[in-house]
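Structure, as structure tokens:
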Amino acid sequence: MLANVASGCIKGIEGFIVLVEVDAVPAIPVFTLVGLPEAEVKEAKDRVLAAVRNSGYEPPAKRITVNLVPAEIKKSGTHFDLPIALGILAATGQISEAAVEKLKDIIFIGELGLDGRVHSCAGVLPMLISLKKLGRARAVVPAANIGEADLAGVDGFAAHNLREVVDMLEGKIPFENAARPVAPVPDGEVKINEDFNEVKGQMLAKRALEIAAAGGHNVLLMGPPGTGKSMLAKRFAGILPPLTRDEMLDIMQIYSVCSLLGRNKTVFSRPFRDPHHTISDIALIGGGTRPKPGEVSLAHNGVLFLDEFAEFSRSSLEVLREPLESFKVTISRAKDSLTFPAKFTLIAAMNPCPCGYHGSNVKTCNCTPVQIQRYKAKVSGPLLDRIDLTVNLNPVNYKDWQQRSEGETSAQIRERVLKARAAQKERFGGSATTANAFMTVAEIKKYCPLPAGGGEILEAAMKKLGLSARSLDKILKTARTIADLAGSAEIKKEHITEVMQYRPLDRKGVSDI
1388 MLANVASGCI KGIEGFIVLV EVDAVPAIPV FTLVGLPEAE VKEAKDRVLA
1438 AVRNSGYEPP AKRITVNLVP AEIKKSGTHF DLPIALGILA ATGQISEAAV
1488 EKLKDIIFIG ELGLDGRVHS CAGVLPMLIS LKKLGRARAV VPAANIGEAD
1538 LAGVDGFAAH NLREVVDMLE GKIPFENAAR PVAPVPDGEV KINEDFNEVK
1588 GQMLAKRALE IAAAGGHNVL LMGPPGTGKS MLAKRFAGIL PPLTRDEMLD
1638 IMQIYSVCSL LGRNKTVFSR PFRDPHHTIS DIALIGGGTR PKPGEVSLAH
1688 NGVLFLDEFA EFSRSSLEVL REPLESFKVT ISRAKDSLTF PAKFTLIAAM
1738 NPCPCGYHGS NVKTCNCTPV QIQRYKAKVS GPLLDRIDLT VNLNPVNYKD
1788 WQQRSEGETS AQIRERVLKA RAAQKERFGG SATTANAFMT VAEIKKYCPL
1838 PAGGGEILEA AMKKLGLSAR SLDKILKTAR TIADLAGSAE IKKEHITEVM
1888 QYRPLDRKGV SDI
């Protein structure tokens, strides 16, 4: 007898339907699994047969053939256990015809334990979101993943064990087997644990980070040890705008694929990823034998903080060029390619030399010219061209350090950031652009007209400093953000002038700082 059970699978972070075909014929007992299954799918044989037996059903003494359709795409994951088990029960006549009919309208996802319990799986949320777009609006998922079904807008049955799923198909228990609260959405409140008012001095750096938060711009903080680079970066998340529901779902899809969702299955704050400088290229950008998202994708709609920027390998830094420009990562293989989203704000921090005191008037640098040149050469010109704001931090003097009066709080700065973001939301309407830093060339032409005298400033800068067209675009995007913070409908000459003070590398390059 032949039985068909619908399930799904993940390709990148997109889901597609997989039809599990199970054929049972009288013959010497053999279990064959075909359809390009990966190792963990092949191991389903032993898990499924034990789960069927320990759930009170008869292990089939027949030749069982399981085919995963479409057969030309590799299948990975342990979530095929449940549909395979149900297919075996249907093909061997151990469930009623009415139950078999119900199989046609439901997607089944779940890993089985040897005792028949249904365990959680990775990638349930993106799988269900994609399958819903394909018209499949009902799913049986592990009880631990039922929150993801709710977020995807799918009618979900929370499965605890194989016997419970069969009882539901037989009509013994209702499909809606538990009342669950609707997943909450972000309310705009951000818990601020580390405040900007704790940072002494460094007003220029604070202003640069405010601009970065308001427009989604990339920032490079340079200075000797102890100037507050890491301290500033860690407080950056406290002035960012809250997540929208769409942004939250985008992040959760990536986290679901990587099995990083917490128990509540909901992400309320923007990601803040700070990988160590010893990270590999694959861990940073994504990929591997079975391509998975890297740190740049895990920072999607959030912040990627790279401390000790020049200590990262040259190859690791160079792979950042694509996501910083196109806001996505494409992993190509011989027979296929996958695309992961990577729209993040980069906050980088570095010392001027290996010992950290090159050019300092406080301590003497012990590095040789060759060591300094090799250290700074890791940060290439094309990579620097993709950074909007650069700030040189000087050591905090005693007067600033001992000052008792506190500066602006993160809440005060965030209030201005939210007003600037509101102006951008109105400007871009329902387009894919969410902040000034992500404007297309057409949008720059439309929303960033040069003020009187602005063209002369940029022309002189381009000739004298050798600015690229990309640099000019970034200057206009940043000036647009400064105008938004000032509540100005138009970019003014002073806004462009302010941007230029955050681009010291255009004047002399990292190797001369």
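With the sequence shown counted from 1, adding 1387 to any position gets you our numbering.
For glycine and all other residues, C-beta sits at the position ideal for the given N, C-alpha and C.
Remember, predicted model here, so these are calculated numbers, not experimental data.
CA nearest to the CA of residue i, picked from the options
i: histidine 1882; options: Gly1874, Gln1888, Ala1866 and Pro1446; result: Ala1866
i: phenylalanine 1731; options: Thr1821, Pro1756, Glu1425 and Ile1718; result: Thr1821
i: valine 1644; options: Gly1500, Glu1425 and Ser1507; result: Ser1507
i: tyrosine 1642; options: Ile1718, Ile1626 and Arg1660; result: Arg1660
i: glycine 1743; options: Cys1752, Ser1702 and Ala1735; result: Cys1752
i: glutamine 1811; options: Glu1682, Glu1802, Met1826 and Ala1798; result: Met1826
i: alanine 1697; options: Lys1763, His1663 and Gln1758; result: Lys1763
i: methionine 1887; options: Leu1538, Ile1869 and Ser1875; result: Ile1869
i: proline 1662; options: Ala1736, Ile1638, Thr1631 and Gly1613; result: Ala1736
i: glutamine 1799; options: Arg1440, Asn1584 and Ala1509; result: Asn1584
i: threonine 1465; options: Asp1433, Glu1445 and Gly1480; result: Asp1433
i: serine 1703; options: Ser1724, Phe1714 and Thr1665; result: Thr1665
i: aspartate 1554; options: Lys1850, Asp1542 and Val1527; result: Val1527
i: glycine 1346; options: Ser1667, Val1586, Ala1839 and Ala1807; result: Residue 1346 is absent from the model: the chain starts at 1388 and stops at 1900.
i: lysine 1864; options: Leu1837, Tyr1889 and Ile1831; result: Ile1831
i: threonine 1419; options: Ala1426, Asn1454 and Ala1438; result: Asn1454
i: valine 1909; options: Val1757, Ala1873 and Ser1713; result: For the chain, the structure presents residues 1388 to 1900; residue 1909 sits outside this window and is missing.
i: asparagine 1779; options: Gly1543, Glu1498, Met1590 and Gly1558; result: Met1590
i: glycine 1497; options: Lys1489, Ala1485 and Met1514; result: Met1514
Contacts around residue i, its chain only, beta-carbon distance under 8 Å, and the 5 residues preceding and following it disregarded
i: asparagine 1784; result: Gly1588
i: arginine 1440; result: Pro1446
i: glycine 1500; result: Arg1434, Ala1438 and His1506
8 Å contact criterion, which residue i and residue j should meet: CB distance rounded
i: valine 1505; j: alanine 1546; result: 4 Å
i: lysine 1462; j: glycine 1422; result: 6 Å
i: phenylalanine 1623; j: glycine 1673; result: Rounded, the Cβ-Cβ distance is 23 Å, inconsistent with contact.
i: valine 1804; j: proline 1628; result: 6 Å
i: leucine 1630; j: phenylalanine 1655; result: 7 Å
i: asparagine 1781; j: threonine 1614; result: 7 Å
i: isoleucine 1451; j: isoleucine 1475; result: 6 Å
Whether residue i touches residue j by CB criterion (8 Å)
i: leucine 1733; j: asparagine 1580; result: no
i: methionine 1609; j: threonine 1777; result: yes
i: arginine 1720; j: glycine 1689; result: no
i: leucine 1512; j: alanine 1530; result: no
i: alanine 1601; j: aspartate 1871; result: yes
i: arginine 1801; j: isoleucine 1626; result: yes
i: alanine 1411; j: alanine 1478; result: yes
i: glycine 1840; j: lysine 1880; result: yes
i: serine 1797; j: aspartate 1468; result: no
Distance between residue j and residue i (C-alpha atoms, nearest Å)
i: glutamate 1408; j: arginine 1857; result: 53 Å
i: serine 1767; j: lysine 1593; result: 25 Å
i: leucine 1707; j: leucine 1556; result: 50 Å
i: proline 1457; j: lysine 1491; result: 17 Å
i: glutamate 1699; j: leucine 1693; result: Checking the sequence shown, residue 1699 turns out to be phenylalanine, not glutamate. C-alpha separation (whole angstroms): 9 Å.
i: alanine 1566; j: arginine 1525; result: Summary for alanine 1566: the model assigns pLDDT 48, below 50, so the residue's position carries little reliability, and this model does not support an answer.
i: serine 1684; j: isoleucine 1669; result: 12 Å
i: glutamate 1401; j: valine 1716; result: 14 Å
i: glutamate 1885; j: lysine 1833; result: 21 Å
i: leucine 1711; j: proline 1678; result: 20 Å
i: glutamate 1563; j: lysine 1861; result: 52 Å
i: phenylalanine 1815; j: glutamate 1843; result: 28 Å
i: serine 1617; j: proline 1739; result: 15 Å
i: valine 1541; j: methionine 1639; result: 16 Å
i: isoleucine 1404; j: glutamate 1459; result: 13 Å
i: serine 1483; j: alanine 1819; result: 49 Å
i: leucine 1671; j: glutamate 1634; result: 21 Å
i: leucine 1518; j: cysteine 1396; result: 10 Å
i: leucine 1691; j: proline 1836; result: 31 Å
i: leucine 1770; j: glutamate 1705; result: 7 Å
i: glycine 1675; j: histidine 1687; result: 19 Å
i: glycine 1603; j: glutamate 1709; result: 17 Å
i: asparagine 1823; j: glutamate 1682; result: 23 Å
Beta carbon proximity, residue i to chain B, threshold 8 Å
i: valine 1783; result: Structure shown: chain B not included; a single protein chain is present.
Cβ-based neighbour list, residue i, same chain, cut-off 7 Å, excluding 5 preceding and 5 following
i: leucine 1406; result: Asn1391, Ala1393 and Val1456
i: aspartate 1772; result: Ser1855, Arg1857 and Ser1858
i: aspartate 1646; result: The displayed chain sequence assigns serine, not aspartate, to residue 1646. Contacts found: Ala1509.
i: isoleucine 1759; result: Cys1740 and His1745
i: valine 1487; result: Ala1390 and Ala1477
i: asparagine 1532; result: Ser1507, Cys1508 and Val1511
Contacting residues, own chain, Cβ-Cβ under 6 Å from residue i (five flanking each side not counted)
i: serine 1442; result: Gly1503, Leu1549 and Arg1550
i: lysine 1398; result: none
i: leucine 1607; result: Ala1735, Ile1774 and Thr1777
i: proline 1470; result: Val1392, Ser1394, Val1407 and Phe1495
i: arginine 1523; result: Ile1494
i: alanine 1848; result: Leu1854
i: isoleucine 1560; result: Asp1554
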